[in-house]
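*Asks:*
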Amino acid sequence: KAGVTQTPRYLIKTRGQQVTLSCSPISGHRSVSWYQQTPGQGLQFLFEYFSETQRNKGNFPGRFSGRQFSNSRSEMNVSTLELGDSALYLCASSLDPSPTDTQYFGPGTRLTVL
Amino acid sequence: AQTVTQSQPEMSVQEAETVTLSCTYDTSESDYYLFWYKQPPSRQMILVIRQEAYKQQNATENRFSVNFQKAAKSFSLKISDSQLGDAAMYFCACRTSLITTSGTYKYIFGTGTRLKVLA
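Same order as they appear, the protein sequences are chains Z and R. One point on numbering: in this note's numbering, the residue at position 104 of the first sequence is 104, and numbering is uninterrupted. One point on numbering: in this note's numbering, the residue at position 25 of the second sequence is 1025, and numbering is uninterrupted.
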């Protein structure tokens, strides 16, 4: 079974631009979560989607948004990029949102904002 | 506010020896879950072990075990018979139950402990 895939793997943008990252979960998984990892702030939960609905959101500004499609694939969008948005963005999928269900992580998308 | 603290930025262990990574947390919720994740260099993060707060028995997964002290809000990870493949960044995390008083859950990670395994 294929793992979680994230595209693109690397991205360079400039301040003020917007970016869309994509995540394809493991087949059969309906829950997708997004995380931001930076050297300064560590690993932070962004949001979780289940059955095309946002179930939970972390403490991030409205510039960060996401969505989930009927095939469970998810995208996250960051508008008006700032230098501080440079980070590794991780996606994880699980069968459902239960904390007892194991999350499987993708390799991440490394975003650099210049 | 919910917090997770990993006070050891870096640890080293000799191959085949045992090492313990520390984690303390704070949450006002009564129902929560604790996790240890491993992130090897340039590789994907994986779940190492999970502990339900309502369970008194410490979780164990092969060479990995936890020492869960609920009253002290401590959740340390013990790695026995350390192997070179254990070298990674280890993250401790606390997630409240799906339904909380606010209708959402919180998922907080520690800053990580980099484990080096010496041959």
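Here a beta-carbon is modelled for each residue, glycine too, at the ideal position from N, C-alpha and C.
Any beta-carbon of chain R closer than 9 Å to the one on Val32 (chain Z)?
*Replies:* Reading the first sequence from its first residue, position 32 is the one you call residue 32 (chain Z). Judged by the 9 Å Cβ criterion, Val32 (chain Z) is not in contact with chain R.
*Asks:* Output the distance between the C-alpha atoms of Ser1097 (chain R) and Ser1030 (chain R), rounded to the nearest integer angstrom.
*Replies:* As a working note, residue 1097 (chain R) is residue 97 in the second sequence. As a working note, residue 1030 (chain R) is residue 30 in the second sequence. About 9 Å.
*Asks:* Inspect the beta-carbon positions of Asn56 (chain Z) and Tyr1107 (chain R) and report whether they are closer than 9 Å.
*Replies:* As a first step, residue 56 (chain Z) must be located in the first sequence, where it is residue number 56. As a first step, residue 1107 (chain R) must be located in the second sequence, where it is residue number 107. Contact: yes.
*Asks:* Would DSSP call Leu95 (chain Z) helix, strand or coil?
*Replies:* Residue numbering aside, residue 95 (chain Z) sits at position 95 when the first sequence is read from its first letter. Correct three-state label for Leu95 (chain Z): coil.
*Asks:* If we ignore side chains and look at the alpha-carbon of each, how far apart do Gly40 (chain Z) and Arg9 (chain Z) end up?
*Replies:* Looking up residue 40 (chain Z) in the first sequence gives position 40. Looking up residue 9 (chain Z) in the first sequence gives position 9. Taking the straight line from one Cα to the other gives about 21 Å.
*Asks:* Measuring alpha carbon to alpha carbon, tell me which residue in Z:Arg67, Z:Glu48, Z:Thr7 is nearest Tyr1105 (chain R).
*Replies:* Translated into positions along the second sequence, residue 1105 (chain R) becomes position 105. Of the candidates Z:Arg67, Z:Glu48, Z:Thr7, the one whose C-alpha sits nearest the C-alpha of Tyr1105 (chain R) is Z:Glu48.
*Asks:* For chain R, find out if any of its Cβ atoms is closer than 9 Å to the Cβ of Phe64 (chain Z); answer yes or no.
*Replies:* Translated into the one-based positions of the first sequence, residue 64 (chain Z) becomes position 64. It does not; no Cβ of chain R falls within 9 Å.
*Asks:* Does DSSP put Gly1085 (chain R) in a helix, in a strand, or in coil?
*Replies:* Numbered from its first residue, the second sequence carries residue 1085 (chain R) at position 85. Helix, per DSSP.
*Asks:* Spatial neighbours of Thr5 (chain Z) within its chain, please: CB distance less than 7 Å, with the 5 preceding and 5 following residues excluded, ordered by chain position.
*Replies:* Here residue 5 (chain Z) is taken as the residue at index 5 of the first sequence, counted from 1. A distance below 7 Å between beta-carbons, with the five flanking residues on each side excluded, links Thr5 (chain Z) to the following residues of its chain, in chain order: Ser24, Gly106.
*Asks:* Between R:Glu1015, R:Glu1052, R:Ala1087, R:Val1013, which lies nearest to Glu1093 (chain R) when the distance is taken from Cα to Cα?
*Replies:* Here residue 1093 (chain R) refers to the residue found at position 93 of the second sequence. This sequence places Ala at residue 1093 (chain R); Glu is not what is there. The candidate whose alpha carbon is nearest that of Ala1093 (chain R) is R:Glu1052.
*Asks:* Look at the Cβ atom of Gly84 (chain Z), then the Cβ atom of Gln37 (chain Z), and state whether they are nearer than 9 Å.
*Replies:* Translated into positions along the first sequence, residue 84 (chain Z) becomes position 84. Translated into positions along the first sequence, residue 37 (chain Z) becomes position 37. No. Outside cutoff.
*Asks:* Under 8 Å, with one C-beta from each stretch per pair, do the segment 1001-1015 of chain R and the segment 1036-1051 of chain R reach the 3-pair mark?
*Replies:* no
*Asks:* Which class does Asp1031 (chain R) belong to by DSSP, given the choice of helix, strand or coil?
*Replies:* What you label residue 1031 (chain R) is simply residue 31 of the second sequence in a count that begins at 1. In the structure shown, the three-state DSSP call for Asp1031 (chain R) is coil.
*Asks:* Could you tell me how far apart the beta carbons of Thr1113 (chain R) and Met1045 (chain R) are, in whole angstroms, since I believe they sit closer than 8 Å?
*Replies:* For the purposes of this step, residue 1113 (chain R) is taken as residue 113 along the second sequence, with counting starting at 1. For the purposes of this step, residue 1045 (chain R) is taken as residue 45 along the second sequence, with counting starting at 1. So it is not a contact: roughly 14 Å between Cβ atoms.
*Asks:* Taking DSSP as the reference, what is the three-state secondary structure of Gly42 (chain Z)?
*Replies:* Taking the first sequence and counting its residues from 1, the one referred to as residue 42 (chain Z) is at position 42. Strand, per DSSP.
*Asks:* Mapping the DSSP letters down to three states, classify Leu83 (chain Z) as helix, strand or coil.
*Replies:* In the first sequence, the residue the question calls residue 83 (chain Z) occupies position 83. Residue state, collapsed to three classes: helix.
*Asks:* Can you name the residues that DSSP bridges to Val4 (chain Z)?
*Replies:* Start at 1 with the first residue of the first sequence, and residue 4 (chain Z) comes out as number 4. DSSP output for Val4 (chain Z) lists no bridge partner at all.
*Asks:* Tell me the DSSP bridge mates of Asp1026 (chain R)?
*Replies:* As a first step, residue 1026 (chain R) is located in the second sequence; it is residue number 26 there, counting from the start. Looking at the DSSP assignment, Asp1026 (chain R) forms a beta bridge with R:Thr1003.
*Asks:* Going residue by residue through the segment 3-77 of chain Z, where are the continuous beta strand (DSSP E) segments of at least 3 residues, counting only ones entirely within it?
*Replies:* 5-7, 10-13, 19-24, 31-38, 42-50, 53-57, 64-68
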